[in-house]
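Asker: Numbering (our numbering), first residue to last: 18 to 144. Okay, here's the structure, questions in a sec.
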Amino acid sequence: MKFPTVTVTLVSLALVVVIWQQSQDQQDTIDPSRFANLAANPVERGTVVDWVVTQVPALCQEATGQANGSEAVSQCVERSERRSSNCRRALYDHFPALISSEAVFRDLTITAMDCLVPQSERLTPAH
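This is the structure we're talking about:
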């Protein structure tokens, strides 16, 4: 049986490309000023959702009244991470792909925050 040199080479090359792409996908932090003039400079829904997700630790701190690194905040962040894909799906179904008004931006961010860190966690912090 002949060794599948071509197949091994192609699979190896594909693996190298995937690893390279993953190493390049380091997300830059999103500057909130990017959302200042949405009528003239609309933003993609995914960018807004990604930004809200980066705010989860601060939201959890506010919700629990605890410092970052506390167990309550860590548990809140973990619960938020578990809800993240369901929240994203709901937001992507409900809001337009391009956010071009402050009202839609406000509705999207509030809905995302409420989904990721529900009101119940804000009213009754985890102990």
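Think of the CB as a built atom: it goes at the ideal place given N, C-alpha and C, for glycine as much as any other residue.
1. With burial defined as no fewer than 16 other Cβ atoms inside 10 Å of the residue's Cβ, what is the status of A114: buried or exposed?
2. Please determine if the region 46-61 and the region 23-36 are in contact, where contact requires at least 3 C-beta pairs separated by less than 8 Å.
3. State buried or exposed for I116, treating a residue as buried only when at least 16 other CB atoms are found within 10 Å of its CB.
4. Would you tell me roughly how many angstroms separate the C-alpha atoms of S97 and T81, rounded to the nearest one?
5. Please state whether DSSP places I15 in a helix, a strand or coil.
Answerer: Looking at the atomic coordinates:
1. Here residue 114 refers to the residue found at position 97 when the sequence shown is read from its first residue. Classification for A114: exposed.
2. With the cut-off at 8 Å, the region 46-61 and the region 23-36 do not touch.
3. The count along the sequence shown starts at 1 and reaches residue 116 at position 99. Buried, because 16 or more other Cβ atoms sit within 10 Å of the Cβ of I116.
4. Within the sequence shown, residue 97 is the residue found at index 80, counting from 1. Within the sequence shown, residue 81 is the residue found at index 64, counting from 1. Rounded to the nearest angstrom, the two C-alpha atoms are 13 Å apart.
5. One cannot answer for residue 15 here, as it falls past the ends of the chain, which runs 18 to 144.
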